[in-house]
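Peer 1: Just dropping this structure here.
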Amino acid sequence: MTVKKRKQDRSDETAGKTAEEMKPSAVEEPSGKTGGNGTGEGSTVDLSNLEEARKEAADNYDKYVRLAADFDNYKKRTQKDRADLLNYGNETIIKDVLPIVDSLERAIDHSANAGDFETFVTGLNLILDQLRNTLEKHGVKSIEAVGEDFDPNYHEAMLLVEGDEENDNKVIEEFEKGYLLNGRLLRPSKVSVAKTQR
């Protein structure tokens with residue numbers, strides 16, 4: 004029998020054995036050879052390595068289970084945080100708008116009793132200023148439109164008006180104010196734009 008054939012027979016024998024059956028035992032030593040230090044402890048070193056590997060595998064599995072549980076808890080927590088953000092994210096803005104509502108209610112009550120139209124208009128202007136300041140506090144700014152060059156990024160042309168060379172492509176009138184929220188377009192200004200006939 005050739006060396007190649009013997010090696011193949013050995014590999015066929017070991018292929019059917021389980022890991023337990025293949026464990027080297029302290030009693031069985033092939034051809035009298037021992038571990039690397041010559042003391043006869045080679046097989047126990049192999050057993051201790053196997054035990055260390057099993058312990059490490061158990062530790063890794065435990066870490067995996069804990070990590071999976073932590074990730075599941077994280078997903079639940081982020082879903083709850085997102086729901087809270089959707090439900091209560093605008094709470095600070097609403098708290099800042101409520102005094103404006105109170106001011107409007109007082110103005111309406113006062114105008115019914117006083118009958119002074121100028122005082123009523125002055126009160127409404129004060130309330131409008133209060134509302135603008137509140138919006139600005141939360142990052143909302145109005146877009147300047149009248150007299151500016153038409154910019155399709157910030158203006159929506161509702162009407163083209165015939166104009167002279169000097170006012171070509173300029174915003175002539177603003178129908179509805181546009182607003183930015185922290186620099187991002189919230190609503191474009193609705194405007195009329197001058198165009199010269201060519």
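Per the numbering used here, residue 4 is the first one in the sequence shown, and the count goes up by one each step.
Even for Gly, the Cβ is constructed at its ideal location relative to N, Cα and C.
Fair warning: this is a prediction, and the values are worked out from it, not measured in the lab.
Within 10 angstroms of the Cβ of residue 194, are there 16 or more other Cβ atoms? Answer buried if so, exposed if not.
Peer 2: Along the sequence shown, one-based indexing puts residue 194 at 191. Buried: at least 16 other Cβ atoms inside 10 Å.
Peer 1: Beta strand (DSSP E) containing residue 159: first to last residue?
Peer 2: Position 156 of the sequence shown, counted from the first residue, corresponds to residue 159. Taken as a continuous stretch (DSSP letters only), the beta strand (DSSP E) holding residue 159 covers 158 to 165.
Peer 1: From residue 104 to residue 96, what does the alpha carbon distance come to, in whole angstroms?
Peer 2: Looking up residue 104 in the sequence shown gives position 101. Looking up residue 96 in the sequence shown gives position 93. Cα to Cα, the separation comes out at about 13 Å.
Peer 1: Do residue 173 and residue 151 have their C-beta atoms within less than 9 Å of each other?
Peer 2: Locating residue 173 in the sequence shown gives position 170, counting from the first residue. Locating residue 151 in the sequence shown gives position 148, counting from the first residue. Yes, they are a contact pair.
Peer 1: How is residue 180 classed by DSSP in three states: helix, strand or coil?
Peer 2: One-based indexing of the sequence shown puts residue 180 at position 177. Correct three-state label for residue 180: coil.
Peer 1: Using a Cβ-Cβ cut-off of 7 Å (strictly less than) and excluding sequence neighbours within five positions of residue 161, which residues of its own chain qualify?
Peer 2: Reading the sequence shown from its first residue, position 158 is the one you call residue 161. Answer for residue 161: 178, 193, 194 and 195, listed in chain order.
Peer 1: With a CB to CB cut of under 6 Å and the five nearest residues on each side skipped, what residues in its chain are close to residue 26?
Peer 2: Locating residue 26 in the sequence shown gives position 23, where the first residue counts as 1. At residue 26, the pLDDT of 49 sits below 50, so the modelled position is not reliable; the number obtained from the coordinates is stated separately. So no residue of the chain qualifies.
Peer 1: Does the stretch 136 to 147 touch the stretch 162 to 170, meaning 3 or more C-beta pairs lie closer than 8 Å?
Peer 2: Taking 8 Å as the limit for Cβ pairs, the verdict is that the stretch 136 to 147 does not touch the stretch 162 to 170.
Peer 1: To the nearest whole angstrom, what separates the beta carbons of residue 154 and residue 199, a pair I think is in contact under 8 Å?
Peer 2: Residue numbering aside, residue 154 sits at position 151 when the sequence shown is read from its first letter. Residue numbering aside, residue 199 sits at position 196 when the sequence shown is read from its first letter. Actually they do not touch by this definition, with Cβ atoms about 18 Å apart.
Peer 1: Apart from the five residues on each side of it in sequence, which residues of its chain come closer than 7 Å, Cβ to Cβ, to residue 114?
Peer 2: In the sequence shown, counting from the first residue as 1, residue 114 sits at position 111. The residues are 123.
Peer 1: My assumption, with CB atoms under 8 Å, is that residue 110 sits in contact with residue 126. Please give the rounded CB distance.
Peer 2: Within the sequence shown, the letter at position 107 stands for residue 110. Within the sequence shown, the letter at position 123 stands for residue 126. Contact flag correct, Cβ pair sits at about 4 Å.
Peer 1: Keeping to the same chain, check which residues put their C-beta closer than 8 Å to that of residue 185; ignore five residues upstream and five downstream.
Peer 2: In the sequence shown, the residue the question calls residue 185 occupies position 182. Contacts found: 142.
Peer 1: In this structure, what does DSSP give as the bridge partners for residue 195?
Peer 2: Here residue 195 refers to the residue found at position 192 when the sequence shown is read from its first residue. Per DSSP, 162 and 176.
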